[in-house]
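Participant: All letters in the sequence shown, in the order written, are residues 0 to 164 by numbering that gives the first Met the number 0. Where is the CB? At the ideal position from N, CA and C, for every residue including glycine. The structure displayed is predicted, hence computed values, not measured ones.
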Amino acid sequence: MNLSSRILPPGNIVLDLAATSKKRAFEHAGLLFENNQGVARMSVFHSLLARERLGSTALGHEVAIPHGRLKDLREPHAAFIRLAAPIRFDANDGRTARLLFFLLIPEAATQMHLDLLASIARLMSDADVRQVLTQSTDSTAIHQLLLNGPHAQSTEHADHSRADS
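1. Classify Asp71 as helix, strand or coil using the three-state DSSP reduction.
2. Where does Ile80 fall in DSSP's three states?
3. Using beta-carbon positions only, say whether Ala78 and Asp15 come within less than 8 angstroms of one another.
4. What did DSSP end up calling Arg88 once you bin it into helix, strand or coil?
5. In the stretch 103–149, which residue ranges form an unbroken alpha helix (DSSP H) of at least 4 residues, counting only runs that do not cross its ends?
6. Following the continuous alpha helix (DSSP H) through Leu14, name the residue where it begins and the one where it ends.
7. Over the uninterrupted alpha helix (DSSP H) stretch that includes Leu31, give me the two end residues.
8. Helix, strand or coil for His45? Go by DSSP, reduced to three states.
9. Do you know offhand how far Ser46's Cα is from Leu145's?
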(Lines of atoms letter the chains of each structure in order from A and count residues from 1; the text may use other names and numbers.)
(Lines give C-alpha, C1' and ligand atoms only; values in the text may rest on other atoms or scores of the structure.)
Protein backbone atom coordinates (compact mmCIF):
# COMPACT_ATOMS: atom_id res chain seq x y z
CA MET A 1 0.00 0.00 0.00
CA ASN A 2 1.41 3.38 -1.02
CA LEU A 3 0.75 6.71 0.57
CA SER A 4 -2.03 8.72 -0.98
CA SER A 5 -3.53 12.14 -0.31
CA ARG A 6 -6.38 10.31 1.40
CA ILE A 7 -3.96 8.83 3.95
CA LEU A 8 -1.62 11.85 4.09
CA PRO A 9 -3.58 14.99 3.17
CA PRO A 10 -1.66 18.23 2.58
CA GLY A 11 -3.07 19.64 5.84
CA ASN A 12 -1.20 16.94 7.77
CA ILE A 13 2.20 18.43 6.90
CA VAL A 14 3.55 20.66 9.69
CA LEU A 15 6.90 22.39 9.37
CA ASP A 16 9.09 23.67 12.20
CA LEU A 17 6.84 22.85 15.13
CA ALA A 18 8.30 24.04 18.42
CA ALA A 19 8.00 20.96 20.66
CA THR A 20 10.24 20.43 23.66
CA SER A 21 9.61 16.71 24.18
CA LYS A 22 8.29 13.56 22.59
CA LYS A 23 5.08 13.85 24.63
CA ARG A 24 4.50 17.42 23.38
CA ALA A 25 5.02 16.25 19.77
CA PHE A 26 2.55 13.39 20.35
CA GLU A 27 0.03 15.84 21.84
CA HIS A 28 0.33 18.04 18.76
CA ALA A 29 -0.10 15.01 16.47
CA GLY A 30 -3.24 14.08 18.44
CA LEU A 31 -4.64 17.58 17.96
CA LEU A 32 -3.77 17.51 14.24
CA PHE A 33 -5.54 14.16 13.70
CA GLU A 34 -8.52 15.33 15.75
CA ASN A 35 -8.89 18.56 13.79
CA ASN A 36 -8.26 17.08 10.33
CA GLN A 37 -9.60 13.50 10.54
CA GLY A 38 -11.96 13.60 13.51
CA VAL A 39 -9.94 11.07 15.53
CA ALA A 40 -10.02 11.75 19.28
CA ARG A 41 -6.75 13.38 20.30
CA MET A 42 -6.40 11.41 23.55
CA SER A 43 -6.90 8.13 21.69
CA VAL A 44 -4.09 9.10 19.31
CA PHE A 45 -1.83 10.23 22.16
CA HIS A 46 -2.35 7.07 24.22
CA SER A 47 -1.94 4.80 21.19
CA LEU A 48 1.36 6.45 20.23
CA LEU A 49 2.67 6.27 23.81
CA ALA A 50 1.62 2.62 24.19
CA ARG A 51 3.53 1.67 21.04
CA GLU A 52 6.55 3.71 22.12
CA ARG A 53 6.68 1.80 25.43
CA LEU A 54 7.32 -1.39 23.42
CA GLY A 55 10.44 0.19 21.94
CA SER A 56 11.50 3.45 20.43
CA THR A 57 10.29 4.24 16.92
CA ALA A 58 13.38 6.40 16.34
CA LEU A 59 15.30 5.11 13.32
CA GLY A 60 18.40 7.29 13.55
CA HIS A 61 19.38 10.21 11.31
CA GLU A 62 16.92 12.31 13.37
CA VAL A 63 13.98 10.32 11.98
CA ALA A 64 11.19 8.63 13.93
CA ILE A 65 8.03 6.88 12.78
CA PRO A 66 5.68 6.95 15.75
CA HIS A 67 2.68 4.78 15.00
CA GLY A 68 -0.26 3.29 16.76
CA ARG A 69 -3.32 1.12 16.30
CA LEU A 70 -6.77 2.46 17.02
CA LYS A 71 -9.85 0.33 17.65
CA ASP A 72 -12.46 2.36 15.75
CA LEU A 73 -10.24 3.50 12.88
CA ARG A 74 -11.43 2.34 9.45
CA GLU A 75 -8.45 3.41 7.34
CA PRO A 76 -4.88 4.54 7.97
CA HIS A 77 -4.03 8.19 8.57
CA ALA A 78 -0.60 9.78 8.40
CA ALA A 79 1.05 13.09 9.26
CA PHE A 80 4.53 14.49 8.82
CA ILE A 81 5.84 16.91 11.42
CA ARG A 82 9.25 18.56 11.17
CA LEU A 83 10.30 19.95 14.51
CA ALA A 84 12.05 23.30 14.82
CA ALA A 85 14.80 21.55 16.79
CA PRO A 86 15.59 17.88 17.47
CA ILE A 87 14.23 16.37 20.68
CA ARG A 88 15.43 13.39 22.69
CA PHE A 89 13.33 10.53 21.45
CA ASP A 90 14.63 7.55 23.36
CA ALA A 91 15.80 7.97 26.92
CA ASN A 92 17.82 4.73 26.75
CA ASP A 93 20.09 5.51 23.82
CA GLY A 94 19.84 9.30 23.72
CA ARG A 95 18.70 9.36 20.08
CA THR A 96 17.16 12.57 18.89
CA ALA A 97 14.53 13.07 16.22
CA ARG A 98 13.39 16.04 14.20
CA LEU A 99 11.59 14.41 11.26
CA LEU A 100 8.49 12.68 12.63
CA PHE A 101 6.26 10.61 10.40
CA PHE A 102 3.11 9.64 12.30
CA LEU A 103 1.00 6.70 11.20
CA LEU A 104 -2.32 5.57 12.65
CA ILE A 105 -3.63 2.20 11.55
CA PRO A 106 -6.79 0.22 12.35
CA GLU A 107 -6.50 -2.16 15.28
CA ALA A 108 -6.90 -5.17 12.97
CA ALA A 109 -3.96 -4.15 10.80
CA THR A 110 -3.55 -6.11 7.62
CA GLN A 111 -0.41 -6.92 5.66
CA MET A 112 -1.16 -3.85 3.53
CA HIS A 113 -0.85 -1.66 6.61
CA LEU A 114 2.44 -3.28 7.56
CA ASP A 115 3.65 -2.73 4.00
CA LEU A 116 2.71 0.94 4.33
CA LEU A 117 4.82 1.25 7.46
CA ALA A 118 7.73 -0.48 5.70
CA SER A 119 7.48 1.81 2.66
CA ILE A 120 7.57 4.88 4.92
CA ALA A 121 10.66 3.50 6.66
CA ARG A 122 12.34 2.89 3.28
CA LEU A 123 11.53 6.42 2.12
CA MET A 124 12.87 7.94 5.33
CA SER A 125 16.09 5.93 5.02
CA ASP A 126 17.01 7.84 1.82
CA ALA A 127 19.58 10.55 2.66
CA ASP A 128 18.44 12.80 -0.20
CA VAL A 129 14.83 12.60 0.99
CA ARG A 130 15.88 13.45 4.55
CA GLN A 131 17.85 16.44 3.30
CA VAL A 132 14.83 17.84 1.43
CA LEU A 133 12.57 17.16 4.43
CA THR A 134 15.01 18.99 6.68
CA GLN A 135 15.62 22.01 4.47
CA SER A 136 12.55 22.67 2.33
CA THR A 137 10.18 25.46 3.35
CA ASP A 138 7.55 24.36 0.80
CA SER A 139 4.98 22.07 2.43
CA THR A 140 3.45 21.28 -0.99
CA ALA A 141 6.82 20.03 -2.30
CA ILE A 142 7.30 17.98 0.87
CA HIS A 143 3.81 16.50 0.45
CA GLN A 144 4.57 15.50 -3.15
CA LEU A 145 7.93 14.00 -2.14
CA LEU A 146 6.29 11.91 0.58
CA LEU A 147 3.56 10.69 -1.77
CA ASN A 148 5.67 10.04 -4.86
CA GLY A 149 9.18 9.38 -3.55
CA PRO A 150 12.45 10.93 -4.68
CA HIS A 151 12.35 9.58 -8.23
CA ALA A 152 9.12 11.35 -9.18
CA GLN A 153 10.85 14.74 -9.14
CA SER A 154 13.81 13.62 -11.21
CA THR A 155 11.48 11.99 -13.77
CA GLU A 156 9.46 15.17 -14.03
CA HIS A 157 12.60 17.24 -14.61
CA ALA A 158 13.83 14.76 -17.21
CA ASP A 159 10.52 15.02 -19.09
CA HIS A 160 10.78 18.81 -19.15
CA SER A 161 14.39 18.62 -20.37
CA ARG A 162 13.41 16.35 -23.27
CA ALA A 163 10.51 18.62 -24.20
CA ASP A 164 12.84 21.64 -24.31
CA SER A 165 15.30 19.90 -26.66
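Facilitator: In short:
1. coil
2. strand
3. no
4. According to the sequence provided, residue 88 is Phe. The question's Arg does not apply to it. Of the three classes helix, strand and coil, the one that applies to Phe88 here is coil, per DSSP.
5. 110–123, 126–134 and 138–147
6. No alpha helix (DSSP H) holds Leu14; the beta strand (DSSP E) holding it covers Ile12 to Leu16.
7. Lys21 to Gln36
8. helix
9. 23 angstroms
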